[in-house]
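*Asks:*
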Amino acid sequence: MEQNQNELDAVVREKSTMEAGYASIRHVLDEKQREYAILQQEKAQLQGEFDEQQREKATLQQQVESLRQNVRRSNERQQELEERLDATTAATEELRHMLRQSKEVQNIPSRDIQLTNQKLGKGSYGEIRIGYWQGCPVAVKMLYEVLAESP
Numbered sequence: 118m119e120q121n122q123n124e125l126d127a128v129v130r131e132k133s134t135m136e137a138g139y140a141s142i143r144h145v146l147d148e149k150q151r152e153y154a155i156l157q158q159e160k161a162q163l164q165g166e167f168d169e170q171q172r173e174k175a176t177l178q179q180q181v182e183s184l185r186q187n188v189r190r191s192n193e194r195q196q197e198l199e200e201r202l203d204a205t206t207a208a209t210e211e212l213r214h215m216l217r218q219s220k221e222v223q224n225i226p227s228r229d230i231q232l233t234n235q236k237l238g239k240g241s242y243g244e245i246r247i248g249y250w251q252g253c254p255v256a257v258k259m260l261y262e263v264l265a266e267s268p
């Protein structure tokens, strides 16, 4: 019987040790479950932040594309304006050339001009009439003393 008692005491001690081990394991398991729950919350929070960053990235990509389109339109507009400027510059140079030529044309001999009787205006020294030089209409300034001599 004493042996049975010893065996029983050994079983009780073993049970106690096992219960203490189970309690320790249960404590560790509970701690790990709390850590897991915290990690799940952090994961959800990080996923939310990631999703927000993805939305911001998409918005920024749209803005970048919009800016690229604006740059393309601005470059096209700049090109158009440069072409217009070149054309205007060429036209200005042509007008300057014509003006220089017209200044030279002011002293055309009267025999080369076909004069009409149509008046454009008059002033204190003479009047302006329409004439033709090489088939082109021109303004002819007639001084009053020359007018007295013309038919």
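Throughout the sequence shown, residue numbering follows the numbering used here, covering 118 to 268 in sequence. By construction, the Cβ of each residue, glycine as well, lies at the ideal position given by its N, Cα and C atoms.
#1: With DSSP as the reference, please indicate the residues paired to residue 230 in a beta bridge.
#2: According to DSSP, residue 352 sits in a beta bridge with which residue or residues?
#3: Rank 231, 128, 251 and 260 by C-alpha distance to the C-alpha of residue 242 and give the top, closest one.
#4: Excluding sequence positions up to five away, which residues of its chain have a Cβ less than 8 Å from the Cβ of residue 231?
#5: Determine the direct distance from the alpha carbon of residue 207 to that of residue 214, and round the result to whole angstroms.
#6: Going by DSSP, name the residue or residues bridged to residue 132.
#7: Using alpha carbons as the reference points, say which of 244, 125 and 147 lies closest to residue 262.
#8: Measure the C-alpha to C-alpha separation of residue 209 and residue 216 and round it to an integer number of angstroms.
#9: Note down the Cα distance separating residue 196 from residue 176, rounded to an integer number of angstroms.
#10: Between residue 163 and residue 198, what straight-line distance do the alpha-carbon atoms span, to the nearest angstrom?
#11: Confirm, please, whether the CB-CB distance from residue 237 to residue 228 is below 9 Å.
#12: For residue 129, does the count of other Cβ atoms within 10 angstroms reach 16, so buried, or fall short, so exposed?
#13: Does the distance from the CB of residue 225 to the CB of residue 255 come in under 9 Å?
*Replies:* Quick look at the numbers:
#1: 250
#2: Outside the displayed range of the chain (118 to 268) lies residue 352, so it cannot be described from this structure.
#3: 260
#4: 248, 249 and 250
#5: 10 Å
#6: Answer is none; residue 132 lacks a bridge partner.
#7: 244
#8: 10 Å
#9: 30 Å
#10: 51 Å
#11: no
#12: exposed
#13: yes
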